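Enquirer: One structure follows; several queries about it will come next.
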Amino acid sequence: MSPKALVTGGSRGIGKAIALALAEAGYDVAVAARTLRATDPTQEHSQTVHKKDLRPLPGSVEETCALIEERGQKSLALKMDLTDLSQVESACDELLAQWGGVDVVVNNGRHIGPGLMDSILDTPIEQYPLFVMAHGVAPIRIAQKLLPPMIAQGEGTFVTISSGAGYDFYPEGANPGLGYRIGKASGHTLVGSIQAEHRDQGIKAFNVNPGFVLTERNSLDAEEFGFDPAWAGPPGAVGAAVVWLVTSPDAVAMQRQNIDAQPLALEKNLYPDWRS
Numbered sequence: 010m011s012p013k014a015l016v017t018g019g020s021r022g023i024g025k026a027i028a029l030a031l032a033e034a035g036y037d038v039a040v041a042a043r044t045l046r047a048t049d050p051t052q053e054h055s056q057t058v059h060k061k062d063l064r065p066l067p068g069s070v071e072e073t074c075a076l077i078e079e080r081g082q083k084s085l086a087l088k089m090d091l092t093d094l095s096q097v098e099s100a101c102d103e104l105l106a107q108w109g110g111v112d113v114v115v116n117n118g119r120h121i122g123p124g125l126m127d128s129i130l131d132t133p134i135e136q137y138p139l140f141v142m143a144h145g146v147a148p149i150r151i152a153q154k155l156l157p158p159m160i161a162q163g164e165g166t167f168v169t170i171s172s173g174a175g176y177d178f179y180p181e182g183a184n185p186g187l188g189y190r191i192g193k194a195s196g197h198t199l200v201g202s203i204q205a206e207h208r209d210q211g212i213k214a215f216n217v218n219p220g221f222v223l224t225e226r227n228s229l230d231a232e233e234f235g236f237d238p239a240w241a242g243p244p245g246a247v248g249a250a251v252v253w254l255v256t257s258p259d260a261v262a263m264q265r266q267n268i269d270a271q272p273l274a275l276e277k278n279l280y281p282d283w284r285s
């Protein structure tokens, strides 16, 4: 029987790459995101209060699931808006009913919305709870639902796709974005708590900083927010790093670190060197 994983935010970008990398490593993968089908209405995905952005983004849960099954693994499509706890709970309940649990949880999903990349003074205060809910509270609820079966089987792994923005100072000249930083900071602490409370029950947990990655959204927004695509890494490098962390015995010693995915992928030769 294949091991099983849940990846949130798996309709596109880093989450999709992680889901496919896990499938290629022999995992059945449950994929969760807001965009279940390609025909779903486009969600507002502007990162600033200064404009709306309803440009269509490629990708959906069902499309990722189809690619997983092309790789010979089972998939499970789950609709999950991380700012809506009822959807989070329903998706977890469906996963438990269908599969009984998973061996790996990858908390990759986040809330994209106005205020994410705005200044403190420009961001409406009502936006901040959405970032905290998606990055911080929803992953806790997922853990409350999916940890017990892991404990019962004596092993399991949690991975949070974190960011240096959540635990480090801004480099000089960096763009604003307290919404992004608040969200990432709220999600960063879960891994340490899981590791501290459940390491003696076979549970591992990792924080993974993907670095700047050229996702579908970043490709659209790079110029506006001053991101240089030339120094962006590919999503597949992050997927390869996550697979190594959840499968290699050598990864256990890295639990109490902030793990940089792109350097890890290069150091371990997990992914072809993309640097020019």
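For the sequence shown, this note's numbering begins at 10 and goes up steadily by one. Yeah, the Cβ is synthetic: ideal placement off N, Cα and C, and Gly gets one too. Values in this document were obtained by computation on a predicted structure and should not be read as measured data.
1. Going by other Cβ atoms of all chains shown within 10 Å of its Cβ, with 16 needed for buried, is residue 242 buried or exposed?
2. Count the other C-beta atoms from every protein chain shown that fall within 10 angstroms of the C-beta of residue 195, then say buried if there are 16 or more, exposed otherwise.
3. Suppose you measure from the CA of residue 258 to the CA of residue 82; what does that come to, to the nearest Å?
4. Which stretch, first to last residue, makes up the beta strand (DSSP E) that contains residue 84?
5. Helix, strand or coil: which one does DSSP assign to residue 111?
6. Starting from residue 134, trace the beta strand (DSSP E) in both directions and tell me its first and last residue.
7. Among the candidates 140, 109, 115, 75, whose CA atom is the shortest distance from the CA of residue 124?
8. Please name the residue or residues paired with residue 215 in a DSSP beta bridge.
9. Residue 23 lies in the alpha helix (DSSP H); which residues open and close that run?
10. For residue 120, count neighbouring Cβ atoms within 10 angstroms of its own Cβ and tell me buried if that reaches 16, exposed if not.
11. Between the Cα of residue 130 and those of 186, 72, 256, 65, spot the shortest distance and give me the residue it belongs to.
12. In chain order, what residues of the same chain lie with their CB nearer than 6 Å to the CB of residue 100, ignoring the 5 residues before and after it?
13. Just to confirm before moving on: does the CB-CB distance between residue 268 and residue 215 stay below 8 Å?
14. In chain order, what residues of the same chain have a beta carbon less than 7 Å from the beta carbon of residue 38, not counting five sequence neighbours either side?
15. Taking the alpha carbon of residue 275 as the point to measure from, which residue in 255, 263, 249, 35 has its own alpha carbon closest?
16. Could you tell me whether the region 59-72 touches the region 104-111, using the rule of 3 or more Cβ pairs below 8 Å?
17. Cα-Cα, which of 74, 199, 262, 219 is closest to residue 36?
18. Given a cut-off of 8 Å, decide if residue 252 and residue 168 are closer than it, judged by their beta-carbon atoms.
19. How would you label residue 213, buried or exposed, when you count the other beta carbons within 10 angstroms and need 16 or more for buried?
20. Need the endpoints of the alpha helix (DSSP H) that residue 129 sits in, please.
Expert: The answer reads as follows:
1. Start at 1 with the first residue of the sequence shown, and residue 242 comes out as number 233. Buried, by the Cβ-count rule.
2. Translated into positions along the sequence shown, residue 195 becomes position 186. Looking at its Cβ environment, which holds 16 or more other Cβ atoms inside 10 Å, residue 195 is buried.
3. For the purposes of this step, residue 258 is taken as residue 249 along the sequence shown, with counting starting at 1. For the purposes of this step, residue 82 is taken as residue 73 along the sequence shown, with counting starting at 1. Their Cα atoms are separated by approximately 23 Å.
4. Position 75 of the sequence shown holds residue 84. Segment 84-88, the beta strand (DSSP E) holding residue 84.
5. Locating residue 111 in the sequence shown gives position 102, where the first residue counts as 1. Residue 111: coil per DSSP, three-state reduction.
6. Reading the sequence shown from its first residue, position 125 is the one you call residue 134. Unbroken run through residue 134: none, as it is neither H nor E.
7. Position 115 of the sequence shown, counting from 1, holds the residue named residue 124. The shortest C-alpha separation from residue 124 is found at 140.
8. As a working note, residue 215 is residue 206 in the sequence shown. BP columns for residue 215 point to 168.
9. Within the sequence shown, residue 23 is the residue found at index 14, counting from 1. Looking at the DSSP string, the run of the alpha helix (DSSP H) that includes residue 23 is 22-33.
10. Numbered from its first residue, the sequence shown carries residue 120 at position 111. Residue 120 is buried by the Cβ-count criterion.
11. Counted from its first residue, the sequence shown places residue 130 at position 121. Ranking the options by Cα distance to residue 130, first place goes to 186.
12. Position 91 of the sequence shown, counted from the start, is the residue given in the question as residue 100. Correct list, in chain order: 41, 87, 89.
13. The residue labelled residue 268 in the question sits at position 259 within the sequence shown. The residue labelled residue 215 in the question sits at position 206 within the sequence shown. Cβ atoms of residue 268 and residue 215: closer than 8 Å.
14. The residue labelled residue 38 in the question sits at position 29 within the sequence shown. Hits under 7 Å: 14, 16, 28, 31, 32, 77, 82, 84.
15. Looking up residue 275 in the sequence shown gives position 266. The residue with the shortest Cα to Cα distance from residue 275 is 249.
16. no
17. Against the sequence shown, residue 36 aligns to sequence position 27. Comparing Cα-Cα distances from residue 36 to each of 74, 199, 262, 219, the minimum goes to 74.
18. In the sequence shown, the residue the question calls residue 168 occupies position 159. In the sequence shown, the residue the question calls residue 252 occupies position 243. Not a contact, by the Cβ cut-off of 8 Å.
19. Against the sequence shown, residue 213 aligns to sequence position 204. Its Cβ being crowded by 16 or more others within 10 Å, residue 213 is buried.
20. Mapped onto the sequence shown, residue 129 falls at position 120. Residue 129 -> no alpha helix (DSSP H), and no H or E assigned at all.
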